[in-house]
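Participant: Here it is, the structure, as structure tokens.
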Amino acid sequence: MNYSTFDINNFFIKKDSTLPELKYPLIQQLREQYDITDDMLENVAVTFSMIEADSGLYRIANVAASLVINNDREKYPDEEKYTLVYRFKLPQTSKAGRYLANFTIDFLGEYCGKITLPIDGQINIIISDGITKTTVI
0 MNYSTFDINN FFIKKDSTLP ELKYPLIQQL REQYDITDDM LENVAVTFSM
50 IEADSGLYRI ANVAASLVIN NDREKYPDEE KYTLVYRFKL PQTSKAGRYL
100 ANFTIDFLGE YCGKITLPID GQINIIISDG ITKTTVI
């Protein structure tokens, strides 16, 4: 996916759905700006949080997320090397509305510290009413 034409700060998902996964790329420019090296990303804990935009109440608070590493840059040249990923669970999308979210990377071991992404705000998540309700069997 070419992120230069993709708005990574807006995400849309249907009510009562678990897909698509929310993906937030760690673009090279951001890693350079904050001196995040490959070594630092070898030992991290990634969490995801989401609040209701109107009330400010947490819908999801510091739940484990993933750091996906694209090691096959020849096959997927448009993909960033590192992408933060969160897959919603059914109860988390049961209420339609607008939400604000972010990822937090905790650097463990030799490199202590944390960074919250996006740096300049929040990810705007819209959970929209769907026509059908799906159940995973």
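Taking numbering that gives the first Met the number 0 as reference, the numbering of the sequence shown is continuous, increasing by one, and the terminal residue is 136. We treat Cβ as the ideally placed atom computed from N, Cα and C, and that holds for glycine. Treat the numbers as computed from the prediction; the structure is a model and nothing was measured.
Measure the alpha-carbon distance for S127 versus E109 and round it to whole angstroms.
Facilitator: About 42 Å.
Participant: Assign D34 to one of two classes, buried (16 or more other C-beta atoms within 10 Å of its C-beta) or exposed (fewer than that).
Facilitator: It is exposed - the Cβ of D34 has fewer than 16 other Cβ atoms within 10 Å.
Participant: Report the three-state DSSP secondary structure of L29 (helix, strand or coil).
Facilitator: DSSP places L29 in helix when its eight states are reduced to three.
Participant: Exposed or buried, which one is T79 when buried takes at least 16 other CB atoms within 10 Å?
Facilitator: Looking at the sequence itself, residue 79 is Glu, so the reference to Thr does not match. E79 is buried by the Cβ-count criterion.
Participant: My understanding is that L107 touches N42, with C-beta atoms under 8 Å, so please give their C-beta distance in whole angstroms.
Facilitator: Confirmed, Cβ separation roughly 5 Å.
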